[in-house]
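A quick write-up on the structure given underneath.
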Amino acid sequence: MLPCVFNELAKSLCYYGQSLGAGRLSGNSGKLMSRVIAVANQKGGVGKTTTSVNLAASLHAVKRSVLLIDMDPQGNATTGLGLDKHNPVTPLSDVLVGDGSIKNAIQQIPDTRMSAVSGGPDLTIAEVQLMGMDEREYRLETALRSVRNDYDYVIIDCPPSLNMLTVNALVAADAVLIPMQCEYYAMEGLSALIRTIDTIRAAANPDLHICGLLRTMYDPRSNLVRDVSRELLEVFKDKVYNTAIPRNVRLAEAPSYGVPVLMYDQKSRGALAYLALAAEILRKDSEKMVAA
Ligand code: ATP
Ligand code: MG
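Heads up, the sequence shown is in the numbering used here, so the first residue is 19 and it goes up one at a time.
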């Protein structure tokens, strides 16, 4: 078992306190306001991009308007949606460090009515340039103000690092969705991520909260996966989504066709799991709206 890591997480969780469950859900009208969700985990390869792309597509499939923002220089969400990461209309870097308008950076994704702001290699330079700028943590948040309410959900795919691009995403977000594999080192990374979220809440975004931890590439046949999953549920309780995303080859194949898995194999276990996740998120959001 993993007592040390979990004790540390339990402490973080207590310190993190009640606002784990808070969120900006309803305006005076009681209408659901747009939700900005950063998909973040500084650990690489845990399923951030797969989750961003397929959650966005699943929310779109149930008639929610969605904008996906690719904040990763790798541009994997961009290519996974069939867009060209080397030739964006208006590069996201221009929006973050220049005078580009985010409205001009929004593209329609082929064959859907989903929208995306593509990421790519230009973001590496932008990240360095951001370091020398005033209000550097707020550049995405400021840009998003003019468009966020055009969408029910804005999903931000973060890079595998707690750098200034991720900080911008966390400052712009209402909530953080943390994909993680149920393995020992993933838990260590989680503590660092929670400390970062904590710092950002204190310094720049008091409403930021974790909307959920998502178990990805989940294979319950492994003892370690089952142990870690059990401990995760003990510590984070209902902050762990009931939906776990199984390891499914269709999820790995779909990006090479430039489409979300729903458009590649809609009956696959991966597609059904992401639809279930979208339904769980919508249900939780509407419960909070009723309670507000
Ligand atoms: P990075 O940190 O590099 O941005 P990431 O956290 O965004 O990575 P992904 O790119 O989504 O992770 O996934 C890493 C790899 O695992 C990819 O090849 C992806 O296709 C594959 N993958 C992700 N989720 C699953 C799954 N549930 N089943 C099978 N393969 C998966
Ligand atoms: Mg990624």
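Every residue gets a Cβ at the ideal spot worked out from N, C-alpha and C, and that includes glycine.
This one's a predicted model, so the numbers in the text were calculated from it and none came from an experiment.
query: Hey, quick one: how far does the alpha helix (DSSP H) through His78 stretch, first residue to last?
result: Bounds of the alpha helix (DSSP H) holding His78 are Lys66 to Ala79.
query: Who are the near neighbours of Arg154 in its chain, counting only those whose CB is closer than 7 angstroms to its CB and skipping five residues on each side?
result: Result list for Arg154: Leu148 and Met182, in chain order.
query: Alpha carbon to alpha carbon, how far is Val279 from Ala58?
result: 20 angstroms
task: Compute every distance between the C-beta of Asn181 and the non-hydrogen atoms of the ligand MG, then say whether any falls below 7 angstroms.
output: no
- request: List the residues that DSSP assigns as beta-bridge partners of Val172.
  value: Val54 and Leu85
message: I'd like the span of the alpha helix (DSSP H) that includes Arg213, first residue to last.
response: Tyr202 to Ala221
Residue range of the unbroken alpha helix (DSSP H) whose run includes Ile143: Asp140 to Leu148
- prompt: Does at least one heavy atom of the ligand MG sit under 7 angstroms from the Cβ of Asp90?
  reply: A heavy atom of the ligand MG is found nearer than 7 angstroms to the CB of Asp90.
message: Residues in the same chain with beta-carbon distance under 6 angstroms from Asn223, minus the five sequence neighbours each way, listed in chain order, please.
response: Val189
field: Beta-bridge pairing of Leu101 - partner residues as DSSP gives them
entry: Its beta-bridge partners do not exist; DSSP assigns none.
message: Taking a contact to mean a Cβ-Cβ separation below 8 angstroms, would you say Ala329 touches Ile174 in this structure?
response: Coverage of the chain is limited to positions 19 through 310, which leaves residue 329 absent and any answer about it impossible.
task: Indicate whether Ser83 and Tyr202 have their beta-carbon atoms separated by less than 8 angstroms.
output: no
- prompt: From the DSSP output, which residues share a beta bridge with Gln126?
  reply: Ser133
- request: Note down the Cα distance separating Arg163 from Asp90, rounded to an integer number of angstroms.
  value: 21 angstroms
- prompt: By Cβ distance, which residues of its chain are closer than 6 angstroms to Val172, with the 5 residues on each side in sequence left out?
  reply: Val54, Leu85 and Arg166
message: What residue range does the alpha helix (DSSP H) around Arg301 cover?
response: Arg287 to Ala309
- prompt: The alpha helix (DSSP H) with Arg233 in it runs from where to where?
  reply: According to the DSSP assignment, Arg233 belongs to no alpha helix (DSSP H) but to the beta strand (DSSP E) extending over His227 to Arg233.
task: Please classify His12: is it buried, with 16 or more other beta-carbons within 10 angstroms of its beta-carbon, or exposed?
output: Here the chain has residues from 19 to 310 only, and residue 12 is not among them.
- request: Examine the ligand ATP and report whether any of its heavy atoms sits within less than 7 angstroms of the Cβ of Pro273.
  value: Yes, Cβ of Pro273 sits closer than 7 angstroms to a heavy atom of the ligand ATP.
- request: Closer than 8 angstroms by C-beta to Gly62: which residues in its own chain qualify, once you throw out the five before and the five after it? Chain order, please.
  value: These residues qualify, in order along the chain: Pro178.
query: If you measure from each residue's Cβ to the nearest non-hydrogen atom of the ligand ATP, which ones come out under 5 angstroms, in chain order?
result: Gly62, Gly63, Val64, Gly65, Lys66, Thr67, Thr68, Pro178, Met235, Ile263, Arg265, Asn266, Leu269 and Ala270
- request: Check whether the Cβ atoms of Val107 and Gln126 sit closer than 8 angstroms, and answer yes or no.
  value: no
field: Under 8 angstroms between C-beta atoms of Lys103 and Gly137
entry: Yes, the pair counts as a contact, with Cβ atoms nearer than the cut-off.
- request: State the DSSP-derived secondary structure class of Ile263, mapped to helix, strand or coil.
  value: coil
- request: Determine the direct distance from the alpha carbon of Gly230 to that of Ile196, and round the result to whole angstroms.
  value: Each residue's alpha carbon lies about 6 angstroms from the other.
- prompt: To the nearest angstrom, how far is it from the Cα of Ala75 to the Cα of Leu242?
  reply: Distance from the CA atom of Ala75 to the CA atom of Leu242, rounded to whole angstroms, is 31 angstroms.
- prompt: Just how far apart, CA to CA, sit Glu298 and Glu305?
  reply: 11 angstroms
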